[in-house]
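Everything below concerns the one structure shown next.
2 protein chains.
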Amino acid sequence: MNFKSFCKQVKQSAEELYAELYLQHQQQFSIRNQRIAVKKLQKIFEATFQLANEKGFQAMTLRQLATATKMSMGGLYAYIHSKDDLAQIIHSFLNHYCEERFSTLVSNDLSPKEELINLIRIHLYLSELMQPWFYFAYMETKNLSKKHKATAINSELWMENKLQKLIESGIKTKQFKENNSQIIASLIKALLQDWYLKRWKYKKRKTSVDTYAKQVEEMVLRTLEN
Amino acid sequence: MNFKSFCKQVKQSAEELYAELYLQHQQQFSIRNQRIAVKKLQKIFEATFQLANEKGFQAMTLRQLATATKMSMGGLYAYIHSKDDLAQIIHSFLNHYCEERFSTLVSNDLSPKEELINLIRIHLYLSELMQPWFYFAYMETKNLSKKHKATAINSELWMENKLQKLIESGIKTKQFKENNSQIIASLIKALLQDWYLKRWKYKKRKTSVDTYAKQVEEMVLRTLEN
DNA sequence: GTCTATACACAGATAGAC
DNA sequence: GTCTATCTGTGTATAGAC
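In structure tokens:
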């Protein structure tokens, strides 16, 4: 699997993405017309990522967001109940988005080693498609209410657990050597996160996600195998 | 080298640390009495880390900081010219601090492999000693002015470059196999950063910095060596 | 050196016209 | 559905007494 073939499987247009978002959070918007809503939502979220990922969500003002989206403050408030609401929607949609994709993409009939590689690639590719979302979610977890923060941490740990279990299976089936599976799982996650956290750097160096994935893969296998 | 022996070499009391900070930024404070200043500075910075690292620097208000340090707003302003000033001091002191320590701790008469391991350990141990500072610097770079942001990025790249050069020397001396030294250097840095970014997690799991260092070391050497 | 009291700006949020 | 106008709270910052 490479990024291109991955895209063919899962990629959707921006319109489809924001339609999904609209439907998921319909109750939170005052707008009934989906066509209009989807268009504006795209503008609002894209501008939010641009502003917030550059100078922080707290530092971004709704007036700036209104200017960037060419809407008025009043208009904006038809789409969000509050500023915190906006952040919360981003977190919760990304969560929903990933859960959905992972559940259809992760296969269970592979060997631990193959499944591990598969999981790594899926994570990297999804974060490539949704980079601003991932970056935002990572940097702005602090802004969430306790309840939503707990959800965020849980989905963090879900991935780590998944990795750890695969490593342990691999050890049992002797594909991997004895190892501290928990630390290694954390380290792998750190490598996966770096891809979307330092995206600007890799972009400048013209490192493709496939190159990156291959290097992570090699590092992980060399660590785990005999 | 382990963390304990490292501490014997470099560790200083909180008082010494903040005295160093006071002297470096003396012009910025209105307080002439060093004894008094050092005590208060410690309170101010520790409270800042607690508040800012939990909910973000922008979200932290100076009123909260005043309460936490049991000072009044007016009192606080004898120590900082502005809120941004406070962030800037943190960045610039950490920068100064690391430069100083690295320059005395990095040895140049070792083999590339040994020097690489040495560098990794120094970074981990320094970030262990100064965890709140490192965490703050990572999460709040956004708040800096353009000029200071550039400095921050430079010191980021300094470490990465250092790692890359050591990998390349190792390849030349055949200690290491052919490799993409630039990507691997970035990946190593990601592993180093995870230690202070996810400190809460490792603490809960009772993972010591030495255990962590050993695992990173193994991962790196297995990747680089034949 | 530290406090209290206060100025001032600007953010988030809403009401009501169109 | 979107705009303009406006309210209200609160954050940063300072002046001046002690």
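Protein chains in written order, with my numbering: chain H, -14 to 211; chain P, -14 to 211. We put the beta carbon where it would ideally sit given N, CA and C, even for glycine. Everything numeric in this text was worked out from a predicted model, so none of it was measured.
Going along chain H in order, which residues have a C-beta closer than 8 angstroms to the C-beta of residue i?
| i | result |
| --- | --- |
| P/E203 | T208 |
| P/A172 | Checking the sequence, you will find Leu at residue 172 of chain P rather than Ala. Result: L176, D179, Q200, V201, M204. |
| P/A44 | Q43, K127, N128 |
| P/I168 | T192, T196, Y197, Q200 |
| P/N80 | Here the premise fails: no neighbours, minimum Cβ distance about 19 angstroms. |
What did DSSP end up calling residue i once you bin it into helix, strand or coil?
| i | result |
| --- | --- |
| P/T208 | helix |
| P/R184 | helix |
| H/L176 | helix |
| P/I16 | coil |
| H/I29 | helix |
| H/A122 | helix |
| P/N165 | coil |
| P/K191 | coil |
| H/A44 | coil |
| P/N93 | coil |
| P/Y64 | coil |
| H/Q160 | coil |
| H/S57 | coil |
Determine whether the beta carbon atoms of residue i and residue j lie at a separation below 9 angstroms.
| i | j | result |
| --- | --- | --- |
| P/I102 | P/E163 | no |
| P/F(-12) | P/E100 | no |
| H/A51 | H/E125 | no |
| H/I29 | H/T54 | yes |
| H/L90 | H/V194 | no |
| P/K98 | P/L182 | no |
| H/L79 | H/F119 | yes |
| P/Q149 | P/I169 | yes |
| H/K25 | H/M58 | no |
| H/L6 | H/I74 | yes |
| H/L177 | H/L109 | yes |
| H/H81 | H/A122 | no |
| H/A175 | P/A175 | yes |
| P/G41 | H/K(-7) | no |
| H/Q27 | H/Y3 | yes |
| P/E1 | P/P117 | no |
How would you list, in chain order, the residues of chain P whose beta-carbon sits under 7 angstroms from the beta-carbon of residue i?
| i | result |
| --- | --- |
| H/K240 | The requested residue 240 of chain H does not occur in the structure, where chain H is confined to residues -14 to 211. |
| H/N165 | Q200 |
Grab the span of the alpha helix (DSSP H) containing residue i for me, first residue to last.
| i | result |
| --- | --- |
| P/T54 | 47 to 54 |
| P/I74 | 68 to 90 |
| H/L109 | 97 to 114 |
| P/M144 | 131 to 157 |
| P/S(-10) | -12 to -5 |
| H/Y7 | -1 to 9 |
What residues of chain H sit near residue i, judged by a beta carbon separation below 9 angstroms?
| i | result |
| --- | --- |
| P/N103 | Correct list: empty, because the minimum Cβ distance to chain H is about 20 angstroms. |
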